[in-house]
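Participant: Be aware that the sequence shown starts at 5, since it is given in our numbering, and climbs by one per residue. What follows is a structure written as structure tokens; I'll ask about it next.
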Amino acid sequence: MAWQEKLTALQHFFRETERALIAYSGGIDSTLVAKVAHDVLGDRAVAITAVSPSLLPEELEAAIAQAKTIGIVHEQVETHEMENPNYVSNPANRCYFCKSELHDTLKPLALERGYPYVIDGVNADDLQDYRPGIQAAKERGARSPLAEVGITKLEVREISKQLGLPWWDKPAQPCLSSRFPYGELITTEKLQRVGRCEVYLRRLGWRSLRVRSQGDTARIELPPEQIRDFVVQVDLDTLVKTFQDYGFLYVTLDLEGYRSGKLNQVLDPQTRSAQQYSGSNPAMIKST
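If you want it as structure tokens, here you go:
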């Protein structure tokens, strides 16, 4: 099915839904969902962003600006996953507890206002990775229209570009907790440290990157093709001093380069395959 047909199917989803409350992070996926929902439903669509220490203030500002550009009603709610020991202990299924908190916050709000369910930005490709957060959303009856109509990440970008969204090529920006190896305790201070380092690098012009936190060591990940330019162009002495001022003792550059979901490679195959409910059929995640 071509992307044009999938866009038509996405529009049909919202016409059938009639009202939409969207879990809106400001990422390209949920932004496309918000855009199409608003185009179809107007003021019957609302986008809600969860605010917590794992969300960069700069990302919240971007989400606000993007929602304003789209024209959709935008609200913010606080979530409290950092108060959950199961979350801050950072197990392999940490995202399950994060999304549980998100949907336990949004679902009552949706039902109170007459929305049938919460809608998220999970796309078809997400079903093929280890994403325990999808299970939490499914258990709470959330819908994932991008996945349901089979829209992949590349198609999200293509459709966004065709619809004139200026951020169609925005790099993925998962929550800051994803920067820590499983088992390392997550604290607000550590999240702020990583966030400040990433903002510093982006202000130098590097868009697609991660700063992984491993104890007192910061590990910078960039696309492999950018590593050589990074070493040549960046004042490394200033970079190291800046990172140390932010709280790291050591600063390293990952020569293998950035790859989405890289920390999942340490998981055993049984854990990675635990998301079998999704399989290859997006319809499996529809609410029951």
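Backbone N, C-alpha and C define an ideal beta-carbon position, used for all residues, glycine too. Quick caveat, the model's predicted, so the values are computed rather than measured.
#1: Let me check understanding here. Comparing Cα to Cα, which of 19, 132, 57, 186 lies closest to residue 179?
#2: What would DSSP say about residue 293, mapped onto helix, strand or coil?
#3: What alpha helix (DSSP H) runs, 4 residues minimum, are completely inside the segment 175 to 241?
#4: According to DSSP, is residue 77 helix, strand or coil?
#5: Does the segment 217 to 236 come close enough to the segment 250 to 267 that 3 or more CB-CB pairs lie under 8 Å?
#6: Following the continuous alpha helix (DSSP H) through residue 163, name the residue where it begins and the one where it ends.
#7: Over what stretch of residues does the beta strand (DSSP E) that includes residue 44 continue unbroken?
#8: Any idea if residue 214 is buried or exposed, counting beta-carbon neighbours within 10 angstroms, 16 or more meaning buried?
#9: If you pair each beta-carbon of the segment 93 to 100 with each one of the segment 129 to 144, do three or more pairs fall below 8 Å?
#10: Apart from the five residues on each side of it in sequence, which residues of its chain come closer than 6 Å, Cβ to Cβ, to residue 162?
#11: State yes or no: is the C-beta of residue 33 within less than 9 Å of the C-beta of residue 150?
#12: Entirely within the segment 77 to 134 and at least 4 residues each: give me those alpha helix (DSSP H) ranges in chain order.
#13: Go to residue 257, then tell me how far its beta strand (DSSP E) extends in each direction, as first and last residue.
#14: Distance, Cα to Cα, residue 76 vs residue 59?
#15: State the DSSP-derived secondary structure class of residue 48, mapped to helix, strand or coil.
#16: Could you tell me if residue 282 is buried or exposed, where buried requires 16 or more neighbouring beta carbons within 10 angstroms of its beta carbon?
#17: What are the partner residues of residue 24, as DSSP defines its beta bridges?
#18: With the cut-off set at 9 Å, would you say residue 38 and residue 82 are in Cβ contact?
#19: Which residue comes first and which comes last in the alpha helix (DSSP H) that contains residue 136?
#20: Drop a sphere of 10 angstroms on the beta-carbon of residue 35, count the other beta-carbons inside from all chains shown, and report buried for 16 or more, exposed for fewer.
#21: Please report how far the alpha carbon of residue 111 lies from the alpha carbon of residue 209, in whole angstroms.
#22: Expressed to the nearest angstrom, what Euclidean distance is found between the alpha-carbon atoms of residue 109 and residue 232?
#23: Indicate whether the contact test is met: 3 or more Cβ pairs, each with one atom in the segment 15 to 33 and one in the segment 166 to 186, closer than 8 Å.
#24: Three-state secondary structure (DSSP) at residue 55?
#25: Can you tell which of 116, 117, 90, 166 has the C-alpha that lies nearest to the C-alpha of residue 104?
#26: Tell me residue 19's beta-bridge partners as DSSP assigns them.
#27: Around the Cβ of residue 202, are there at least 16 other Cβ atoms within 10 angstroms (buried) or fewer (exposed)?
Facilitator: Let's see:
#1: 57
#2: Here the chain covers residues 5 to 292 and nothing more, so residue 293 does not appear.
#3: 192 to 207, 231 to 237
#4: strand
#5: yes
#6: 157 to 166
#7: Run containing residue 44: none in the beta strand (DSSP E); it sits in the alpha helix (DSSP H), 32 to 45.
#8: buried
#9: yes
#10: 7
#11: yes
#12: 89 to 92, 98 to 117
#13: 254 to 257
#14: 21 Å
#15: helix
#16: Legend: pLDDT at residue 282 = 39, less than 50; position of this residue unreliable, value from coordinates given subsequently. So residue 282 counts as buried.
#17: 49
#18: no
#19: 136 to 143
#20: buried
#21: 38 Å
#22: 44 Å
#23: yes
#24: strand
#25: 90
#26: In DSSP, residue 19 forms no bridge with anything.
#27: buried
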